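Protein chains in written order, with the working numbering: chain A, 31 to 372; chain B, 31 to 372. Reading through the structure tokens given below for one structure.
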């Protein structure tokens, strides 16, 4: 963890001023951005309050950005593709790139599932790039409302392209769909991913599919996978009426197809913007973020409420000893803190 | 859907009496059980209230049961194993078996992912067996607080063994762990499942692992997979201090290993019971069910609250138009309905 990120979690010390920290984030100060994201990710109440104060300020700034989700099974080559695609994106002068990567944690042990991942060394060395690995504890696949907040902070800091990596395990793709503009799904030739029914939910939210690591597959295997993916796509419901996802064969090693991916993403953004659908999606995403904030805040307020703190333990005991059903117990607790209608 | 299940969702008509329906469930009436589960799965408020009334009554009855979760990737042979294991379980006179299967739905389209599954024909024909396919919409992998409620109803109806099938996609196993006593993970020889890091979270909650469909694999492939699984297990944190999960090679076709699986499950139950851990787990599960009920009820109460109904729309609009941040919006809404501490 960087020094500045540590500072953000330092207890006491008067605490930073949200307006000042927001101003530093918006001035593009990397350390301020890191610190703000650390505050966003913290579960402590005072950090959350501070984070929301910063976000409130940052959201006042008008930004224009493109958010790209990168998903696929472990081993599909997401990191190397992000390296290659990132380099391509930075060929366009003026682009500033933020990459939010996942450090997946097992829900039980808290340990890393994938171990030390190869990091994005090339990108990490460039000054117009900000890379942030985020812990995903408790949120399988890695995206959470926290990821959405981190995206907003990166945008306020002037990064106009944001790549969000998720691990393709189902749940996470549905949630990344609620915070990015374009979802790129990576599939390996001959992996069976293109046929497995379970992937359908993921394919349905993809705006583009990359048949990855083509340098490691035979031409025949690539052709078969391309045709299987095309058939699968033809059967699926369209995500956007005006956009048909393409399957793009690519190799991060040879560079083949990387330019096509970036072109596909820009075409997508242009076509959706033209119809007003880009802004429409962003509205929907803010709406969903509001709903997830409400859910979080409700729960937090519930468990922090003095009336619940004093009665929760005895209700739990009664439920555990089967003197009270979980349904009646929940009802009694919830009714205790909800204000009657005005 | 059966006729009785349909009845449960029939609007109006005075509505059934929860005490009467509960009595019929506890008398072992299959149609009453089906109907009660349908009410549990319904999202309509009046059905939920009725369902909780029935559950409150049913929970008063003391039951003794064994709940077994069956999980594994699509294609691992869960249905056929349930057929074979079910037949083995019913060899022990007096056992009555409930099977809760998953009918997985894609979160987006609502369509079935796996298509028509081969059903459990042998089991379905036996009078001491109750099979219930449940829709899993919105809950990836299929378990939800609803599944837990269905388990409780089956137990009240006199089914002393409950098998709960889940699709091995990550999130669902974590939640099935909160409602069953023993989790059986199915792995195919040579599938790479035993090595893939992503499966670690699932292996950590397994109490037994079946190396399935051994009739379709070479002896060498079976041996390699067994040793890979053993090594993987050795590295993982133990779920219960006193229990070490075994890897059991089995084939639902030849019947090899099926008796060993059932024996393993009974040994598990006996050893945990002896240490008081079985009852301890059940307590934990009731506690978790209380928490999930609280979460659900809080949200429902929030969105149904007249003060929220009148103000939600304008808050959403302000958030979508970026006049208000989602954080400030959520705070304003939640504070509107929470009663100040007494």
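The beta carbon of each residue, even a glycine, is placed where N, CA and C say it ideally should be. None of the values given here were measured: they were computed from a predicted structure.
Item checked: Three-state secondary structure (DSSP) of residue 130 of chain A -> Position 100 of the first chain holds residue 130 of chain A. Note: residue 130 of chain A maps to strand in three-state DSSP.
Next item on the list: Indicate whether at least one CB of chain B lies closer than 9 Å to the CB of residue 313 of chain A.
Entry: Sequence index remark: in the first chain, residue 313 of chain A carries index 283 (1-based). So yes, residue 313 of chain A belongs to the interface.
Next item on the list: Please decide whether residue 246 of chain B counts as near chain A, where near means a Cβ-Cβ distance under 9 Å.
Entry: Within the second chain, residue 246 of chain B is the residue found at index 216, counting from 1. Using a Cβ-Cβ cut-off of 9 Å, residue 246 of chain B does not count as an interface residue toward chain A, since no Cβ of chain A sits closer than that to its own.
Check: For residue 250 of chain A, is the classification buried or exposed, using 16 other Cβ atoms within 10 angstroms of its Cβ as the cut-off for buried?
Finding: Position 220 of the first chain holds residue 250 of chain A. The Cβ neighbour count for residue 250 of chain A, taken over all protein chains shown within 10 Å, is under 16; the residue is labelled exposed.
Next item on the list: For the segment 233 to 316 of chain B, list the alpha helix (DSSP H) runs that are entirely contained and at least 4 residues long, ordered along the chain.
Entry: Taken in chain order, the unbroken stretches of alpha helix (DSSP H) that lie wholly in the segment 233 to 316 of chain B and span 4 residues or more are 249 to 265, 288 to 304.
Checklist line | From B:49, B:47, B:126, B:192, residue whose alpha carbon lies closest to that of residue 99 of chain B | finding: For the purposes of this step, residue 99 of chain B is taken as residue 69 along the second chain, with counting starting at 1. Per the Cα distances, B:192.
Next item on the list: Let me know the secondary structure DSSP gives residue 90 of chain A once reduced to three states.
Entry: Translated into the one-based positions of the first chain, residue 90 of chain A becomes position 60. If DSSP states are grouped into helix, strand and coil, residue 90 of chain A belongs with coil.
Margin query: Quick check on residue 94 of chain B - is its C-beta less than 9 Å from some C-beta in chain A?
Written below: As a working note, residue 94 of chain B is residue 64 in the second chain. It does not: the Cβ of residue 94 of chain B has no partner Cβ on chain A nearer than 9 Å.
Notebook entry, point to check: Can at least three beta-carbon pairs, one atom from the segment 91 to 106 of chain B and one from the segment 58 to 73 of chain B, be found at a separation below 8 Å?
Noted result: No, the segment 91 to 106 of chain B is not in contact with the segment 58 to 73 of chain B.
Next item on the list: Name the two residues that bound the continuous alpha helix (DSSP H) containing residue 351 of chain B.
Entry: Translated into the one-based positions of the second chain, residue 351 of chain B becomes position 321. That residue, residue 351 of chain B, is in no alpha helix (DSSP H); it is neither H nor E in DSSP.
Item checked: Nearest-angstrom Cβ-Cβ length linking residue 95 of chain B and residue 185 of chain B, presumed shorter than 8 Å -> Stepping through the second chain from its first residue, residue 95 of chain B is reached at position 65. Stepping through the second chain from its first residue, residue 185 of chain B is reached at position 155. With 8 Å as the limit, residue 95 of chain B and residue 185 of chain B qualify as a contact, their Cβ atoms being about 5 Å apart.
Notebook entry, point to check: For residue 243 of chain B, which option in B:232, B:236, B:255 has the closest C-alpha, if you only look at C-alpha atoms?
Noted result: Working through the second chain from its first residue, we reach residue 243 of chain B at position 213. When only C-alpha atoms are compared, the closest one is B:255.
Notebook entry, point to check: To which residues of the same chain is residue 40 of chain B closer than 8 Å at the C-beta, ignoring the five residues directly before and after it?
Noted result: Position 10 of the second chain, counted from the start, is the residue given in the question as residue 40 of chain B. Bear in mind that a pLDDT of 43 at residue 40 of chain B, under 50, signals an unreliable position, so the model cannot answer this.
Notebook entry, point to check: Using Cβ-Cβ distances below 7 Å, what residues of the segment 305 to 335 of chain A are close to chain B?
Noted result: If the cut-off is 7 Å between Cβ atoms, the segment 305 to 335 of chain A has 313, 316, 317, 319, 320, 323, 324, 325, 327, 328, 329, 331, 332, 335 near chain B.
Notebook entry, point to check: Can you pull the DSSP bridge partners for residue 102 of chain A?
Noted result: Within the first chain, the letter at position 72 stands for residue 102 of chain A. Looking at the DSSP assignment, residue 102 of chain A forms a beta bridge with A:216.
Check: Would residue 145 of chain A be called buried (16 or more neighbouring beta carbons within 10 Å of its own) or exposed?
Finding: Here residue 145 of chain A refers to the residue found at position 115 of the first chain. The predicted model places residue 145 of chain A with a pLDDT of 35, which falls under 50 and marks its position as unreliable, so this point remains unresolved.
Next item on the list: Following the continuous alpha helix (DSSP H) through residue 185 of chain A, name the residue where it begins and the one where it ends.
Entry: On the first chain, residue 185 of chain A is found 155 positions in, with the first residue counted as 1. Note, residue 185 of chain A: alpha helix (DSSP H), 175 to 186.
Check: Opposite residue 195 of chain B in the DSSP bridges: which residues?
Finding: Mapped onto the second chain, residue 195 of chain B falls at position 165. According to DSSP, residue 195 of chain B bridges with B:100.
Notebook entry, point to check: Taking the C-alpha atoms as reference points, what is the distance between residue 62 of chain B and residue 163 of chain B?
Noted result: Numbered from 1 along the second chain, position 32 holds the residue referred to as residue 62 of chain B. Numbered from 1 along the second chain, position 133 holds the residue referred to as residue 163 of chain B. Going by the C-alpha atoms only, they are around 16 Å apart.
Notebook entry, point to check: When DSSP labels each residue in this structure, what does residue 46 of chain B get in the three-state scheme?
Noted result: Residue 46 of chain B sits at position 16 when you count from the first residue of the second chain. Taken through DSSP and simplified to helix, strand or coil, residue 46 of chain B comes out as coil.
Note to self: Check for me: the alpha helix (DSSP H) holding residue 108 of chain B runs from which residue to which?
What the structure shows: By one-based count along the second chain, residue 108 of chain B stands at place 78. 108 to 121 is the span of the alpha helix (DSSP H), which, as asked, contains residue 108 of chain B.
Notebook entry, point to check: Which residue comes first and which comes last in the alpha helix (DSSP H) that contains residue 155 of chain B?
Noted result: One-based indexing of the second chain puts residue 155 of chain B at position 125. Looking at the DSSP string, residue 155 of chain B is not in any alpha helix (DSSP H), and its letter there is neither H nor E.
Notebook entry, point to check: Assuming residue 88 of chain A and residue 55 of chain A make a contact with CB atoms under 8 Å, what is their CB distance in whole Å?
Noted result: Counting from 1 along the first chain, the entry for residue 88 of chain A is found at position 58. Counting from 1 along the first chain, the entry for residue 55 of chain A is found at position 25. The C-beta distance from residue 88 of chain A to residue 55 of chain A rounds to 6 Å, short enough to fall under 8 Å.
Note to self: I'd like to check one pair, residue 345 of chain A with residue 320 of chain B: are the Cβ atoms closer than 9 Å?
What the structure shows: Residue numbering aside, residue 320 of chain B sits at position 290 when the second chain is read from its first letter. Residue numbering aside, residue 345 of chain A sits at position 315 when the first chain is read from its first letter. Going by beta carbons, residue 320 of chain B and residue 345 of chain A fall inside the 9 Å limit.
Notebook entry, point to check: Who are the near neighbours of residue 367 of chain B in its chain, counting only those whose CB is closer than 7 Å to its CB and skipping five residues on each side?
Noted result: What you label residue 367 of chain B is simply residue 337 of the second chain in a count that begins at 1. So the list reads 332, 335, 337, 338, once near-sequence residues are dropped.
Next item on the list: Go ahead and pull the three-state DSSP assignment for residue 164 of chain B.
Entry: For the purposes of this step, residue 164 of chain B is taken as the residue at position 134 of the second chain. The answer is strand: DSSP assigns residue 164 of chain B an E or B state.
Notebook entry, point to check: To which residues does DSSP link residue 338 of chain A through a beta bridge?
Noted result: If you number the first chain from 1, residue 338 of chain A lands on position 308. Residue 338 of chain A pairs with nothing; no bridge assigned.
Margin query: Closest to residue 252 of chain B by C-alpha separation, out of B:316, B:271, B:279, would be which residue?
Written below: Taking the second chain and counting its residues from 1, the one referred to as residue 252 of chain B is at position 222. Nearest of B:316, B:271, B:279 to residue 252 of chain B, Cα basis: B:279.
Notebook entry, point to check: Between the C-alpha atoms of residue 265 of chain B and residue 292 of chain B, what's the straight-line distance to the nearest angstrom?
Noted result: Mapped onto the second chain, residue 265 of chain B falls at position 235. Mapped onto the second chain, residue 292 of chain B falls at position 262. For residue 265 of chain B and residue 292 of chain B, the distance between alpha carbons rounds to 25 Å.
Next item on the list: Give the interface partners of residue 361 of chain A over in chain B, defined as CB-CB distance under 7 Å, in chain order.
Entry: On the first chain, position 331 is the one that residue 361 of chain A refers to. Result: 327.
Notebook entry, point to check: So residue 356 of chain A is in the alpha helix (DSSP H); what residue range does that whole segment cover?
Noted result: For this step, residue 356 of chain A is matched to residue 326 along the first chain. Element bounds for residue 356 of chain A: 356 to 367.
Next item on the list: Look at residue 197 of chain B and residue 210 of chain B and say whether their C-beta atoms are less than 9 Å apart.
Entry: Translated into positions along the second chain, residue 197 of chain B becomes position 167. Translated into positions along the second chain, residue 210 of chain B becomes position 180. For residue 197 of chain B and residue 210 of chain B, no; Cβs fall outside 9 Å.
Next item on the list: Could you pull out every residue in the same chain whose Cβ sits closer than 7 Å to the Cβ of residue 275 of chain B, ignoring the five residues on either side in sequence?
Entry: Start at 1 with the first residue of the second chain, and residue 275 of chain B comes out as number 245. Within the same chain, Cβ atoms closer than 7 Å to the Cβ of residue 275 of chain B are found at 236, 237, 238, 239, 263, the five residues on either side in sequence being excluded.
Note to self: Using a Cβ-Cβ cutoff of less than 6 Å, which residues in the same chain neighbour residue 114 of chain B once the five nearest sequence positions on both sides are dropped?
What the structure shows: In the second chain, residue 114 of chain B corresponds to position 84, counting from 1. Answer for residue 114 of chain B: 282, 288, listed in chain order.
Next item on the list: Return yes when the Cβ of residue 218 of chain A is within less than 9 Å of the Cβ of residue 247 of chain A, no when it is not.
Entry: Residue mapping note: residue 247 of chain A aligns to position 217 of the first chain, counting from 1. Residue mapping note: residue 218 of chain A aligns to position 188 of the first chain, counting from 1. By the CB criterion at 9 Å, residue 247 of chain A and residue 218 of chain A fall inside the cutoff.
Next item on the list: Would you mind telling me which residues of chain B sit closer than 8 Å to residue 89 of chain A, beta carbon to beta carbon, in chain order?
Entry: To locate residue 89 of chain A, count along the first chain from 1; it is residue 59. Below the 8 Å Cβ cutoff, chain B contributes 352, 355 as neighbours of residue 89 of chain A, in chain order.
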